[in-house]
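Read through the structure below, which is laid out as structure tokens, and then see the notes.
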Amino acid sequence: MYLNVSDIRQTASGGSYVVIYDADIELSDAPLIEVEVVATEPADADPQWVEAARLAILEGASTVLNPIGQGAFVRVHRLVVHPTDFRPNHFARCTALELGRALARLA
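Following the working numbering, the numbering of the sequence shown begins with 42 at its first residue and continues without gaps.
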């Protein structure tokens, strides 16, 4: 399954965030969920931010998949790390929303 996540909120009054990534997801019956980040934009993105995004994507996927007893391997091919509007918690929320929608389309 292919997942394209894109949610951008940029305002002058604060609360801005940018969540953009593309991923391939292989669902499995095993309860394990793994997330691998293959490429980032920019290519030299801060490794701590990349790890924070990876963990947030894992959290979002777990929120959707754990209750239904599914596992997955998530390979992120393009993770955009915005220099000022990077908010990991939004990666978790957006992942849960988009993955839930994608699974509903498969049903």
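Heads up, the beta-carbon is just placed ideally off N, CA and C, and yes, glycines get one too.
Predicted, not measured: the structure shown is a model, and the values here were computed from it.
Exercise. Tell me, please, which residues DSSP counts as bridged to residue 45.
Key: As a first step, residue 45 must be located in the sequence shown, where it is residue number 4. 63, per the DSSP bridge assignment.
Practice problem: Provide the residue span of the beta strand (DSSP E) that contains residue 120, from first to last. | Solution: Numbered from 1 along the sequence shown, position 79 holds the residue referred to as residue 120. Where residue 120 is concerned, the enclosing beta strand (DSSP E) stretches over 112 to 121.
Quiz item: Three or more beta-carbon pairs under 8 Å between the segment 129 to 136 and the segment 99 to 111, yes or no?
Solution: yes
Quiz item: Taking the alpha carbon of residue 61 as the point to measure from, which residue in 97, 89, 75 and 70 has its own alpha carbon closest?
Solution: The count along the sequence shown starts at 1 and reaches residue 61 at position 20. When only C-alpha atoms are compared, the closest one is 97.
Quiz item: Do residue 91 and residue 122 have their CB atoms nearer than 8 Å?
Solution: On the sequence shown, residue 91 is found 50 positions in, with the first residue counted as 1. On the sequence shown, residue 122 is found 81 positions in, with the first residue counted as 1. In contact: residue 91 and residue 122 (Cβ atoms closer than 8 Å).
Quiz item: So what's residue 69 in DSSP terms, helix, strand or just coil?
Solution: For the purposes of this step, residue 69 is identified with residue 28 of the sequence shown, where counting begins at 1. In the structure shown, residue 69 sits in a strand (DSSP, three-state: E or B).
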